[in-house]
Amino acid sequence: MTSGLTMQAATPDDAYEFVAPFRAPQGSPIRELFKYVGRPGMISFAGGYPSKDLFDRDGLAQALEAAYRSDPIACLQYGDTAGAPLLRRSLARLMAVRGVECSGDDILVTTGSQQGFDLLVRTLIAPGDTALIEEPAYPAAIQALRLAGATIVTMRTDSDGIDVDALADQLDTWGDAKRPKLLYTVPTFANPTGATLPRARREALVRLAARHRIVLVEDDPYGELRFAGTPVPPILALADACPGARDWVVYFGSLSKIVAPGLRIGWAVAPAPIARRMIVAKQTSDLCTSPLSQEAARHYLDSGSLELHLRSIVGAYRSRCDALLKALAHFAPEDIEFCAPQGGMFVWARLSAGRDAAEVLKRAIERNVMFVPGTAFFVRNPDVSSLRLSFAAPSEAEAFEGARRLASALA
Ligand code: PMP
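Quick note, the numbering used here runs 1 ahead of the 1-based positions in the sequence shown.
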């Protein structure tokens, strides 16, 4: 397990009688790779990290200062578990820009959207409950469901995301006895595939969730990072057209990819009975999200800095993605195939002739380039030839050089 701890314990692990999911825990395979990231000269396509060169350091410094100056006590004291009322209002305005009508009272601020999902899983999933997840999927969502003891059932996907027709058939044959409680998806610029679920599939999916009474989790940290194609509304925005459907959608947003993950600001828009229980779960998790961070985030949003910043990072990600795809096509045209994403941070690729991406990674690391083998994103039966490349962190020149090194590892 990746713990970051090096202390040696004399007592064997099993002396502690851990609960079942923690007896032989697997840490995040992606975090395991991070020991190589700091190596001099390493070009990493591995992390889903925003580019360090693109942080709005000045804007955030001003927001932090303004937050502290205008109300130091609010920054230093514990705050409401549901979040600072003014930030909740600012986030409701951000949701309006995304096409979702809600008020500050409908927003629950979380310590990153990862916490939001964890809280939701705690309120809904008992060991043995069925949860549906797209495959390949975001590993920390798989992990949260595993730790809760869920029976994880994967949904088939294609280059447009979940195959909703296949899912509808599956749910009909199951009937009520095996009804899943929760369905998890990243419908816009998915992690890891970069795929975006088209509008018609979103509408069908939300109708399906409402009909089968399944909580549909829309995880949306990347939606605003669109650099090509036509915007598609969030599933939550489309739910209003289907009577009763809004009661079955939980939306997670995050400032991590569009501002900075160090703020640890995420939020949930959930039906009131679910939100109330998530708040109770959050009380035992962290009491409240850092009030200093919340105040800074509010100043950042209210000053209009986010729109300006988005324009600059979206342009940069477009150029970086283009540079990577062109370089891959140039250096390794026969060895690797991929789908061009319309936004986000990820390219999902496949090595030809069924080659094992984990084996190629070893040679890639020797050449100072990294990616994540696709195995990390599967619940079972991984596609060993798949891999995820993030274009967010390397500059255009680094993307070019990284693709050249990758081609050499493949040669
Ligand atoms: N969902 C997805 C799909 C992600 O890729 C990530 C971050 N890698 C998260 C949630 C967690 O984000 P946060 O920093 O808001 O907890």
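Ideal placement from N, C-alpha and C gives every residue a C-beta, glycine not left out.
Which of helix, strand or coil DSSP assigns to residue i
{"i": "Met346", "result": "coil"}
{"i": "Val281", "result": "helix"}
{"i": "Ala400", "result": "helix"}
{"i": "Arg89", "result": "helix"}
{"i": "Thr186", "result": "strand"}
{"i": "Tyr139", "result": "coil"}
{"i": "Phe332", "result": "helix"}
{"i": "Ala132", "result": "strand"}
{"i": "Gly96", "result": "A small correction: the amino acid at residue 96 is Met; Gly does not occupy that position in the sequence shown. Looking at Met96 - three-state DSSP - the assignment turns out to be helix."}
{"i": "Gln23", "result": "The sequence shown places Phe at residue 23, rather than the Gln named in the question. Correct three-state label for Phe23: helix."}
{"i": "Phe253", "result": "strand"}
{"i": "Phe35", "result": "coil"}
Cβ neighbours of residue i in the same chain (closer than 6 angstroms, five flanking residues each side left out)
{"i": "Gly245", "result": "Ala211"}
{"i": "Asp357", "result": "Val385"}
{"i": "Met156", "result": "Leu133, Glu135, Ile163 and Leu168"}
{"i": "Ile215", "result": "Pro181 and Leu184"}
{"i": "Arg89", "result": "Gly105 and Ile108"}
{"i": "Arg99", "result": "Pro235"}
{"i": "Pro128", "result": "Gly150"}
Opposing strand residues paired with residue i [DSSP bridges]
{"i": "Ala178", "result": "None; Ala178 has no bridge partner."}
{"i": "Ile448", "result": "The requested residue 448 does not occur in the structure, where the chain is confined to residues 2 to 412."}
{"i": "Ser387", "result": "Arg351"}
{"i": "Pro374", "result": "Leu388"}
{"i": "Asp357", "result": "Bridge partners of Asp357: none, in fact."}
CB of residue i within 7 angstroms of CB of residue j, strictly
{"i": "Phe332", "j": "Pro137", "result": "no"}
{"i": "Leu34", "j": "Ala47", "result": "yes"}
{"i": "Thr12", "j": "Ala269", "result": "no"}
{"i": "Ala324", "j": "Ala400", "result": "yes"}
{"i": "Ala273", "j": "Leu120", "result": "no"}
{"i": "Phe347", "j": "Asn192", "result": "yes"}
{"i": "Asp159", "j": "Val187", "result": "no"}
{"i": "Leu217", "j": "Trp249", "result": "yes"}
{"i": "Ala330", "j": "Tyr50", "result": "no"}
8 angstroms CB neighbourhood of residue i in its chain, flanking five on each side removed
{"i": "His310", "result": "Asp57, Gly60, Ile259 and Val260"}
{"i": "Pro292", "result": "Ala75, Cys76, Leu77, Gln78, Tyr79, Gly80 and Ala85"}
{"i": "Ala359", "result": "Pro374, Thr376 and Val385"}
{"i": "Met2", "result": "Any reading at Met2 must be qualified, since the residue scores a pLDDT of 40, below 50, and its modelled position is unreliable; no value is offered."}
{"i": "Ala93", "result": "Cys103, Ser104, Gly105, Asp107 and Ile108"}
{"i": "Arg319", "result": "Phe228 and Ala229"}
Cβ-based neighbour list, residue i, same chain, cut-off 7 angstroms, excluding 5 preceding and 5 following
{"i": "Asp241", "result": "Arg247"}
{"i": "Tyr301", "result": "Gly60, Leu61, Ala64, Val260 and Leu307"}
{"i": "Phe23", "result": "none"}
{"i": "Ala341", "result": "Leu326"}
{"i": "Thr124", "result": "Ile275, Arg278, Met279 and Ala282"}
{"i": "Gly345", "result": "Phe190, Gly195, Tyr223 and Leu226"}
{"i": "Tyr17", "result": "none"}
Query raised in the report: Where the beta carbon is closer than 6 angstroms to any heavy atom of ligand 1, which residues qualify, in chain order?
Result: Gly49, Gly113, Ser114, Gln115, Tyr139, Val187, Asn192, Asp220, Pro222, Ser255, Ser257, Pro262 and Gly267
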